[in-house]
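The opening residue of the sequence shown carries number 100 in the numbering used here; numbering runs sequentially from there.
Note that the Cβ used here is the ideal one computed from N, Cα and C, for glycine as well.
To start, the structure under review is shown below, and the notes come after it.
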Amino acid sequence: MSFGVKNNRKISSPPQMGFSSRTFAGSGGVKISRAVYAGRVFNDTRAHDHRGMPVAGRWPSPGYTSILLQGRAEISGTPVTAVTVNKSLLVPLNIEIDPTIQAVRSQEKQQIQVLNDRFASFIDKVRSLEQQNKILETKWSLLQQQTSVHSNIDDMFKAYISNLHRQLDSLGKEKMKLEGYLHNKNDQKEDLKKKYEDELKKRMESESDFILIKKDMDQAFTSKAELEAKLDILTEEIDFLRVIYEEELRELQSQVKDTSVIVEMDNSRKLDMDSIVAEVNAQYEDIANRSRAEAETWYKAKYQEMQTSANRYGKDLRATRTQIAELNSNIHTLTSKIDTIKGQCSNLEAQIAEDRGQMAVKDAKARIEELERALQRAKQDMARQIREYQDLMNLKLALDIEIATYRKLLEGEEDRLANGIELSSIGQGRLTQFILSNYSGFPTDRMKKYSSGFSRFSSAGDGRGLDSFSSGSDSSYNMTQSQKNVIIKTIETSDGKVVSKSSEVIGD
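Take a look at the structure:
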């Protein structure tokens, strides 16, 4: 390890000093920010004179070095290595005061102010995360209480659900029986419906036959009336002809009796008029008797035929009426059976509705299981958020330590630039001991975890500075260093009003 010795001359600060940020992964997988203070390594390749002295207003020689913080920091101090002296550093320096030092200092102060603002916003974010953590803890406690209450009634729900399962099984068996009974009744209903339709068709056919038979009977009665009228007319006509015949016979007899006829005839022959008249009379009577007998025979045969047809149609009509009465009784029976089956169907529908209620119970049970799974997922999310919160707290701790260290380095550098303090090199282990001495209240394992990030300073003047923080509001955070003590002042505001103030001193 080397260090440089300077004369007591007042030297000027480098013309340009800047801050930049770099993010790197520290030990333990925690992402922390590493700040590199650039511009303190006075290695420059600018022009020098023949004696090795820099030109006025230029930078020192390449041999001039400042504090080098490299390597890995350890908890215990590292052993001091051999000291080497660069003789070229003993040559007097011709350094003029840089006129831009005030601008550089104001720029540094502005950068420090920006860092303070960023750090305050980061503190606000941490506070909001702490509030969210408290809210999550409250929710977690409430969920645990709800879980305990649920576990108390879990047995009762299980007993109730088992009872409902038994009822559901019994209702399922009864439902199967009723479905079979309903199927049989539906078959009987279909059979009775078919029989009813067949009987209805037969009834329609019988009614149509009855109408046809009634028409035939009407025609037969009409024919009978016509024939009877004809018979009366013929009887009257026969009587009239008989009367006329008798009258003509009487007139003829009277004419024959009153007429005197002188006939010359052969006495050898004798005319018997009485026998002739008797013969003619007998012929006419025979003709009349035959006509009367034929008419009576025809009318009797016709009347007998019509009476036979009427008797036959009357029997068919009586049979049809009997069938109609039977069909009406069957219709009434089927109607009553249909009403009974409808009542059974309504009962079965009510039972099916009850079964649907059991299905609703099953759906409720499935919903309860889904809610339990959602509760388990919420617990897992809460555990994950708690782990994230712990990671953020670890990150906050690392950033607090890192910011305090950088602030001490910056303030020490400002004091050195203002008062011309002589610089000397320090080792990696001394820096770690310095950090641990100012933060002795933190656990040593965490300090080991995050101290490796503080030793990784870049020796090149690449202009990198502190890492940027996320923005926030509603609080401010100020930290000052006096010797080895760190004063942390916390001001909590709400809606622009100061709620509380607190301060904490961390030191040896």
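DSSP three-state assignment for T592, whether helix, strand or coil: Within the sequence shown, numbered from 1, the residue matching residue 592 stands at position 493. T592: strand per DSSP, three-state reduction.
Cβ-Cβ separation, L326 to Y383 (assumed contact under 8 Å), whole Å: Here residue 383 is taken as the residue at index 284 of the sequence shown, counted from 1. Here residue 326 is taken as the residue at index 227 of the sequence shown, counted from 1. In fact, because the Cβ distance is near 27 Å, the residues do not count as touching under 8 Å.
In DSSP terms, what K600 is bridged to: Position 501 of the sequence shown holds residue 600. K600 is bridged to I590.
DSSP-derived helix/strand/coil call for T199: Residue 199 sits at position 100 when you count from the first residue of the sequence shown. In the three-state reduction of the DSSP assignment, T199 falls in the coil class.
Within 8 Å, strictly: CB atoms of W239 and M458: By 1-based counting over the sequence shown, the position of residue 239 is 140. By 1-based counting over the sequence shown, the position of residue 458 is 359. Inclusion of W239 and M458 in the CB contact set at 8 Å is not warranted, their separation being larger than that value.
Residue of L348, L228, T237, L281 minimising C-alpha distance to K495: On the sequence shown, residue 495 is found 396 positions in, with the first residue counted as 1. For the residues L348, L228, T237, L281, the minimum Cα distance to K495 belongs to L228.
I534, buried or exposed, once every other Cβ within 10 Å from all chains shown has been counted against 16: Position 435 of the sequence shown, counted from the first residue, corresponds to residue 534. At I534, the pLDDT of 42 sits below 50, so the modelled position is not reliable; the number obtained from the coordinates is stated separately. So I534 ends up on the buried side.
Top-ranked residue by Cα proximity to Q406, from D317, L263, I234: Counting from 1 along the sequence shown, the entry for residue 406 is found at position 307. Ranking the options by Cα distance to Q406, first place goes to D317.
T656, buried or exposed, once every other Cβ within 10 Å from all chains shown has been counted against 16: Given a span of 100 to 607 for the chain in the structure shown, any question on residue 656 remains unanswerable.
C-alpha distance - D438 paired with R466, whole-angstrom precision: If you number the sequence shown from 1, residue 438 lands on position 339. If you number the sequence shown from 1, residue 466 lands on position 367. C-alpha separation (whole angstroms): 42 Å.
L447 vs L291 beta-carbon contact at 8 Å: Numbered from its first residue, the sequence shown carries residue 447 at position 348. Numbered from its first residue, the sequence shown carries residue 291 at position 192. With contacts defined as CB atoms closer than 8 Å, L447 and L291 fail to qualify as a contacting pair.
Rounded C-alpha distance that separates I451 from S261: In the sequence shown, residue 451 corresponds to position 352, counting from 1. In the sequence shown, residue 261 corresponds to position 162, counting from 1. Each residue's Cα considered, the two are about 21 Å apart.
CA nearest to the CA of A418, picked from T334, K301, I590, L281: As a first step, residue 418 must be located in the sequence shown, where it is residue number 319. Here the closest residue by C-alpha is K301.
Whether A319 touches A424 by CB criterion (8 Å): What you label residue 319 is simply residue 220 of the sequence shown in a count that begins at 1. What you label residue 424 is simply residue 325 of the sequence shown in a count that begins at 1. With a cutoff of 8 Å on beta-carbon distance, A319 and A424 are scored as not near each other.
L267 burial status per 10 Å Cβ neighbour count (16 or more: buried): Taking the sequence shown and counting its residues from 1, the one referred to as residue 267 is at position 168. Its Cβ being crowded by 16 or more others within 10 Å, L267 is buried.
Backbone CA spacing between L516 and Q209 [nearest angstrom]: For the purposes of this step, residue 516 is taken as residue 417 along the sequence shown, with counting starting at 1. For the purposes of this step, residue 209 is taken as residue 110 along the sequence shown, with counting starting at 1. Taking the CA atoms as reference points, L516 sits about 17 Å from Q209.
K274 vs D454 beta-carbon contact at 8 Å: The residue labelled residue 274 in the question sits at position 175 within the sequence shown. The residue labelled residue 454 in the question sits at position 355 within the sequence shown. Yes, they are a contact pair.
Three or more C-beta pairs below 8 Å linking the region 383-396 and the region 328-348: As far as the Cβ criterion goes, the region 383-396 touches the region 328-348, which means the pair count is three or higher.
Candidates I502, L508, S602, of which the one nearest L214 by Cα: What you label residue 214 is simply residue 115 of the sequence shown in a count that begins at 1. It is I502 whose Cα lies nearest to the Cα of L214.
Exposure of S220, with buried meaning 16 or more beta-carbon neighbours within 10 Å: Against the sequence shown, residue 220 aligns to sequence position 121. Under the 10 Å beta carbon count, S220 is surrounded by 16 or more other beta carbons and is classified as buried.
Cα-Cα separation between V379 and T396, rounded to whole angstroms: Stepping through the sequence shown from its first residue, residue 379 is reached at position 280. Stepping through the sequence shown from its first residue, residue 396 is reached at position 297. Straight-line spacing of the CA atoms in V379 and T396 works out to 26 Å.
Contact set for E289: own chain, Cβ-Cβ below 8 Å, skip 5 residues either direction: In the sequence shown, residue 289 corresponds to position 190, counting from 1. Contacts found: none.
Spatial distance of Y295 from I310 (CA atoms): Here residue 295 refers to the residue found at position 196 when the sequence shown is read from its first residue. Here residue 310 refers to the residue found at position 211 when the sequence shown is read from its first residue. The straight-line gap from Cα to Cα measures roughly 22 Å.
Beta-carbon separation (whole angstroms), I312 vs Y412, contact threshold 8 Å: In the sequence shown, residue 312 corresponds to position 213, counting from 1. In the sequence shown, residue 412 corresponds to position 313, counting from 1. 5 Å between Cβ atoms; contact.
Start-end ranges of the alpha helix (DSSP H) lying completely within the region 260-340, minimum 4 residues: Within the region 260-340, no complete alpha helix (DSSP H) segment of 4 residues or longer occurs.
Close-in-space but distant-in-sequence residues of the same chain around S305 (CB under 8 Å, 5 per side omitted): As a working note, residue 305 is residue 206 in the sequence shown. Around S305, the same chain offers T419, Q422, I423 as residues with beta carbons nearer than 8 Å, after the five sequence neighbours per side are excluded.
CA nearest to the CA of R204, picked from L509, Q243, I343, I222: By 1-based counting over the sequence shown, the position of residue 204 is 105. Put simply, of L509, Q243, I343, I222 the residue whose alpha carbon is nearest the alpha carbon of R204 is L509.
Beta-carbon contacts of G279 that lie in its chain and below 6 Å, excluding the five residues immediately before and after: For this step, residue 279 is matched to residue 180 along the sequence shown. There are no such residues.
4-residue-minimum alpha helix (DSSP H) runs that sit fully inside the region 402-456, ordered along the chain: Along the region 402-456, the alpha helix (DSSP H) does not occur as any fully enclosed run of 4 or more residues.
CB contact flag (L242, A477, <8 Å): Translated into the one-based positions of the sequence shown, residue 242 becomes position 143. Translated into the one-based positions of the sequence shown, residue 477 becomes position 378. Result yes, Cβ atoms of L242 and A477 sit closer than 8 Å.
Cβ separation of L235 and I485, assumed to be a contact under 8 Å, to the nearest whole Å: Counting from one through the sequence shown, the residue named residue 235 turns up at place 136. Counting from one through the sequence shown, the residue named residue 485 turns up at place 386. Going by Cβ atoms, the distance from L235 to I485 rounds to 7 Å, so yes, they are a contact pair.
Nearest to I386 (by Cα), restricted to the options K507, N493, L340, A258: Looking up residue 386 in the sequence shown gives position 287. Closest by alpha carbon: L340.
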